[in-house]
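>
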Amino acid sequence: MSMVGSLPNLQVLKLRRTDLRAAFFRQEWITNAGEFLQLKYLLLEKITLEYWRVDRTPFPKLERLVFKDCYNFGIPNEIKEIPTLRSIEVYGHGGLVLHSAMNIQEEQRRLGNDGLQILIVNSRNRTGLCLN
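Under the numbering used here, the letters of the sequence shown match residues 81 to 212, in that order.
(1) Determine, using beta carbons only, whether GLU158 and PRO138 come nearer to each other than 8 angstroms.
(2) Mind listing, in chain order, the continuous beta strand (DSSP E) runs of no fewer than 3 residues lying wholly within the region 137 to 190?
(3) When you compare only the Cα positions, how much space is there between ILE198 and VAL170?
(4) Could you name the residues of the same chain whose beta carbon sits closer than 7 angstroms to that of GLN188, not counting the 5 residues immediately before and after it, in chain order?
(5) Flag this pair as yes or no: are the beta carbons of ARG97 and GLU125 separated by less than 8 angstroms?
(6) Report the option in MET182, GLN118, VAL201 and ARG136 whose CA atom is closest to the CA atom of LEU93.
(7) Short of 7 angstroms in beta carbon distance, which residues of its chain neighbour GLY154, apart from the five on each side in sequence? Order them along the chain.
(8) What does the Cβ neighbour count give for GLY114, buried or exposed, with the cut at 16 atoms within 10 Å?
(9) Residues bridged to ARG97 by DSSP?
(10) Run through the DSSP bridge pairs and tell me what VAL92 is partnered with.
(11) When burial is assigned at 16 or more other CB atoms within 10 Å of the CB, is VAL84 buried or exposed?
(12) Does PHE105 come out as helix, strand or coil in the three-state DSSP assignment?
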């Protein structure tokens with residue numbers, strides 16, 4: 081994945097229906113410093129991954145983080161340090177991803193950033209809840 085992360089103009093990355101354990105990262109995805117420097121939108125949909133770890137300064141321009149039907153892993157704590165992050169969207173039941181998103185929003189508020197929105201959408205009946 082470091083090859084993709086080093087693309088200098090990559091602003092949108094959509095990973096769908098992928099067993100990342102087999103495809104790229106074995107059981108974990110490690111995002112290192114210097115990767116994904118221009119990324120603004122990251123979608124993870126039906127991803128099979130056990131652990132996601134990032135460097136201290138991940139995704140410096142990320143604005144929107146979207147999870148669709150991802151249940152087995154949480155969002156790394158370091159994501160809360162991204163000042164440009166405006167929304168985290170969780171589609172499906174959420175599990176650890178939803179719990180992590182709520183913790184990140186709480187930490188952002190504590191740091192004075194009330195602008196981070198959490199959007200929760202239940203895929204079965206398409207009901208949604210936006211938490212500001």
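C-beta atoms are modelled at their ideal positions from N, C-alpha and C, and glycine is treated no differently. Source: prediction; values computed, not measured.
Put simply:
(1) As a position in the sequence shown, residue 158 is number 78, starting the count at 1. As a position in the sequence shown, residue 138 is number 58, starting the count at 1. Contact flag set, yes.
(2) 144 to 148 and 167 to 171
(3) For the purposes of this step, residue 198 is taken as the residue at position 118 of the sequence shown. For the purposes of this step, residue 170 is taken as the residue at position 90 of the sequence shown. ILE198 and VAL170: Cα-Cα distance of roughly 8 angstroms.
(4) Translated into positions along the sequence shown, residue 188 becomes position 108. Same-chain partners within the cutoff: LYS160 and LEU196.
(5) Against the sequence shown, residue 97 aligns to sequence position 17. Against the sequence shown, residue 125 aligns to sequence position 45. Yes, they are a contact pair.
(6) If you number the sequence shown from 1, residue 93 lands on position 13. Here the closest residue by C-alpha is GLN118.
(7) Here residue 154 is taken as the residue at index 74 of the sequence shown, counted from 1. Once the five neighbours on either side are set aside, the close Cβ partners of GLY154 are LEU176, VAL177, HIS179 and SER180.
(8) For the purposes of this step, residue 114 is taken as the residue at position 34 of the sequence shown. It is exposed - the Cβ of GLY114 has fewer than 16 other Cβ atoms within 10 Å.
(9) Position 17 of the sequence shown, counting from 1, holds the residue named residue 97. DSSP, once it has assigned bridges, lists no residue as partnering ARG97.
(10) Along the sequence shown, read from residue 1 onward, the residue named residue 92 stands at position 12. BP columns for VAL92 point to TYR121.
(11) Translated into the one-based positions of the sequence shown, residue 84 becomes position 4. Label assigned to VAL84: exposed.
(12) Walking along the sequence shown from the start, residue 105 turns up at place 25. Reliability of the predicted coordinates at PHE105 is poor, the pLDDT of 49 falling under 50, and the value obtained from them is presented with this limitation in mind. Helix at PHE105.
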